[in-house]
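Before any comments, here is the structure.
Protein chains: 2
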Amino acid sequence: MSSEKSPLSPRIDKTGNIEILIAAAECFMEQGYHAASIDDVARRLGSTKGRIYHYYRSKTELFFDVHREGMRRNFEAVTPAMKGPEPAARRLSAMFRQHALSMMENLALEAVVVQGVEMHRFGATTPEQRRTLAELMTVRNDFESLFKRVAYEGVEDGSIRTSDVSVAVKVALGAINWLSIWYRPRPAETRDDREILADKIVESIMQGLNTPR
Amino acid sequence: MSSEKSPLSPRIDKTGNIEILIAAAECFMEQGYHAASIDDVARRLGSTKGRIYHYYRSKTELFFDVHREGMRRNFEAVTPAMKGPEPAARRLSAMFRQHALSMMENLALEAVVVQGVEMHRFGATTPEQRRTLAELMTVRNDFESLFKRVAYEGVEDGSIRTSDVSVAVKVALGAINWLSIWYRPRPAETRDDREILADKIVESIMQGLNTPR
DNA sequence: CAAAAAACATACCAAGTAGTATGTGAGCGC
DNA sequence: GCGCTCACATACTACTTGGTATGTTTTTTG
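Which chain is which? The protein sequence lines are A and B, in order. No gaps in the numbering here: position 35 of the first sequence is 35 in the numbering used here, and each next residue is one more. No gaps in the numbering here: position 36 of the second sequence is 36 in the numbering used here, and each next residue is one more.
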């Protein structure tokens, strides 16, 4: 489920590879992809380049795998909430909520996802990298489509009203993704705190700012 | 109004300097700050490094000035809409609308603004750079405060209702800033097209997705 | 328990890039 | 028309950094 053929050692979930992904994500988040060196990532791991290049053939592939893992967790968080007997607006709310929580709890990974794959359009040289790039952008589109589908259901069952579903979904997802910019966990933060914040965000997205009546 | 003491030649608005800022913004947007080289920016200008380093002492300062110019245009777009006799909700809508239009019409500059100043926390070495950095983050806060202020007015005059003004504003601004990620002008796009899109975005922000009655 | 493979560490290099030092031609005051 | 400054272009350097080639140690396998 993780990815296609692994050209090197078994990628994700062997044991230590997730550590590499997290460390890389943190470096990429703090300094940006290009500014963060492989040595920085290794230093954060308390090891050296050798370890990283043992599992990843290039920095680009490392970035791609961070992106993949971030998106994987997004799907994992959201998909359970999208099916059910409730009206679509309810399910959509739940999806937004789960996505917001996923953003907060996988901050580094999701910050890298937000930083985006588009920037690598220039740098991607090998055909394999280009294929991977296209694949990742497809995944991002699929994720957005999840929300669009449920939103369209809501328009049909009358639980949602908007003049443009596509724009409305982009607005909502943008609001949530923006968490990676301003949200930073406070020292002693509990799960409840995050749920409260997520609820407020969902309220803003679903109800808007206007006085309802 | 642009900035304090200019250590080199008169920065903005001399004539050609704005060209440098735009070219730099486009490069930074496409490749990211670190991946874009000064030579890339110069090439886009049809000149060489010499021209850039004649006006800017370092790449970092160039980035800072791009950021400044982007924020300046944001203020320019939004401030006229914030005062007036209308209820605060109306004025806030107008501010959002203007901000969205500004994002679309200064896409490269604003993409750099969105890319963020935070990433330079690590790289900033000289004390002057650190001071500039703090200044720019203050400007960003001030910009957000503009919206918060009007939103609070709306809560008081009853035209706005939300459980947390601060979160609601962050949600709304995130939705608009997210434009820099997905919005790309179509080949033959008119001002009207952009206004239509801006209106849809504002509608989503103000009314939300839920069916109103 | 021997041997092979996995899991790293070390040492090194070639390429790209920020920044500098210096040259140069065009305009402009006098 | 002479010097002086502005507005760049050219040539060069010092340093960073992605990637590789090669050890070395631990684990697995037969």
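Where is the CB? At the ideal position from N, CA and C, for every residue including glycine.
Go ahead and label residue i buried or exposed: buried means 16 or more other beta carbons lie within 10 angstroms of its beta carbon, across all protein chains shown.
i: residue 200(A); result: buried
i: residue 54(B); result: exposed
i: residue 132(A); result: buried
i: residue 141(A); result: exposed
i: residue 157(B); result: exposed
i: residue 138(B); result: exposed
i: residue 15(B); result: Any reading at residue 15(B) needs caution, since the residue's pLDDT is 49, under 50, leaving its predicted position unreliable; the model's value is listed next. The residue is exposed, with fewer than 16 neighbouring Cβ atoms inside 10 Å.
i: residue 49(A); result: exposed
i: residue 110(A); result: buried
i: residue 204(B); result: buried
i: residue 18(B); result: exposed
i: residue 198(B); result: buried
i: residue 46(B); result: exposed
i: residue 189(A); result: exposed
i: residue 180(A); result: buried
Identify, in the order they occur along the chain, each residue of the same chain with its Cβ nearer than 7 Å to the Cβ of residue i, setting aside the five sequence neighbours on each side.
i: residue 129(A); result: 60
i: residue 10(A); result: Residue placement at residue 10(A) is poorly supported in this model, since its pLDDT is 35, which falls under 50; the coordinates are not used for a value here.
i: residue 84(B); result: 91
Residue i lies in the alpha helix (DSSP H); which residues open and close that run?
i: residue 62(B); result: 59-78
i: residue 185(A); result: No alpha helix (DSSP H) holds residue 185(A); DSSP gives it neither H nor E.
i: residue 30(A); result: 17-31
i: residue 45(B); result: 38-45
i: residue 177(A); result: 165-177
i: residue 53(B); result: 49-55
Output needed for residue i: all residues of its chain with C-beta closer than 8 Å, excluding positions within five of it in sequence on either side, in chain order.
i: residue 143(B); result: 71, 74, 75 and 78
i: residue 214(B); result: Coverage of chain B is limited to positions 1 through 213, which leaves residue 214(B) absent and any answer about it impossible.
i: residue 40(B); result: 27 and 31
i: residue 193(B); result: 186
i: residue 151(A); result: 88, 92, 160, 162, 165, 168 and 169
i: residue 175(B); result: 201, 204 and 205
From this set, the options, which residue's C-alpha is nearest residue i's C-alpha?
i: residue 177(A); options: 41(A), 80(A), 100(A) and 34(A); result: 100(A)
i: residue 145(B); options: 23(B), 175(B) and 82(B); result: 82(B)
i: residue 123(A); options: 211(B), 36(B) and 26(B); result: 36(B)
i: residue 246(B); options: 211(B), 206(B) and 137(B); result: Residue 246(B) cannot be examined here, being either before or after the span of chain B that is shown, 1 to 213.
i: residue 135(B); options: 187(B), 198(B), 65(B) and 40(B); result: 65(B)
i: residue 33(A); options: 189(A), 181(A), 106(A) and 117(A); result: 117(A)
i: residue 210(A); options: 174(B), 87(B), 179(B) and 38(B); result: 87(B)
i: residue 147(B); options: 68(B), 187(B), 120(B) and 93(B); result: 93(B)
i: residue 51(B); options: 80(B), 68(B) and 20(B); result: 20(B)
i: residue 67(B); options: 185(B), 150(B), 175(B) and 115(B); result: 115(B)
i: residue 43(B); options: 58(B), 186(B) and 23(B); result: 23(B)
i: residue 69(B); options: 106(B), 39(B) and 194(B); result: 106(B)
Given residue i, which residues of its chain have a CB within under 6 Å of its CB, disregarding the five upstream and five downstream residues?
i: residue 108(A); result: 25, 26 and 29
i: residue 89(A); result: 154, 159 and 160
i: residue 56(A); result: 62
Curious, which full-length alpha helix (DSSP H) runs of at least 4 residues does the stretch 106-138 of chain A contain? For the stretch 106-138 of chain A, the full-length alpha helix (DSSP H) segments reaching 4 residues or more read 107-115 and 120-123 along the chain.
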